[in-house]
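In the working numbering, the protein residues as written are 10 to 111. Beta carbons: idealized from backbone N, C-alpha and C, even for Gly. These numbers come from a predicted model, not from an experiment. Notes to accompany the following structure.
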């Protein structure tokens, strides 16, 4: 039996001249197709290169810091997991969230 999905809010700000609107549209469609209960909103950010992703108010990706767009499949997985009750990770970058230092 599948768990009931809870509401997840995803908000992305993006630099339109840098290709951010197209990247946002791709990510929003993938999230909405997989997690129909998610609300995905976007807005133009006038900072050059910006693509900032927030899940339930928590920043999980900054292109201004990573210099790259987030992986869409990873973003979908994270939103799905959060909708199923998991906590919002500190980053969409698996290299930053799934490693352990000993």
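### Query
Skipping 5 residues on each side, what residues in its chain have a beta carbon closer than 8 Å to that of residue 50?
Counting from one through the chain shown, the residue named residue 50 turns up at place 41. Excluding sequence neighbours, residue 50 sits near 18, 19, 20 and 21.
### Task
With DSSP as the reference, label residue 50 as helix, strand or coil.
Position 41 of the chain shown, counted from the start, is the residue given in the question as residue 50. Strand.
#### Entry: Those residues which DSSP pairs with residue 14 across a bridge
Locating residue 14 in the chain shown gives position 5, counting from the first residue. According to DSSP, residue 14 bridges with nothing at all.
### Message
Quick check on this structure: which residue in 55, 27 and 92 has the alpha carbon closest to the alpha carbon of residue 76?
### Response
Along the chain shown, one-based indexing puts residue 76 at 67. Checking every option, the nearest Cα to that of residue 76 belongs to 27.
### Query
With 16 as the cutoff for other CB atoms within 10 Å, does residue 54 come out buried or exposed?
Against the chain shown, residue 54 aligns to sequence position 45. By the 16-neighbour rule on beta-carbons within 10 angstroms, residue 54 is buried.
#### Entry: Three-way DSSP call (helix, strand, coil) for residue 113 in this model
Outside the shown range of the chain (10 to 111) lies residue 113, about which nothing can therefore be said.
### Query
Looking only at DSSP bridge pairs, what is residue 20 linked to?
By one-based count along the chain shown, residue 20 stands at place 11. DSSP lists 50 and 63 as partners of residue 20.
### Task
Just mark residue 84 as buried or exposed, buried being the case when its beta carbon has 16 or more other beta carbons within 10 Å.
Counting from one through the chain shown, the residue named residue 84 turns up at place 75. Residue environment analysis places residue 84 among the buried positions, since at least 16 neighbouring C-beta atoms fall within 10 angstroms of its C-beta.
### Message
Quick check: the Cα distance between residue 108 and residue 25, rounded to an integer number of angstroms?
### Response
Residue 108 sits at position 99 when you count from the first residue of the chain shown. Residue 25 sits at position 16 when you count from the first residue of the chain shown. Because the pLDDT at residue 108 is just 45, under 50, the model does not fix this residue reliably, and the point stays unresolved.
### Message
Looking at residue 38: is its Cβ nearer than 8 Å to the Cβ of residue 78?
### Response
Here the question's residue 38 lines up with position 29 in the chain shown. Here the question's residue 78 lines up with position 69 in the chain shown. Cβ distance not < 8 Å, so residue 38 and residue 78 don't count as in contact.
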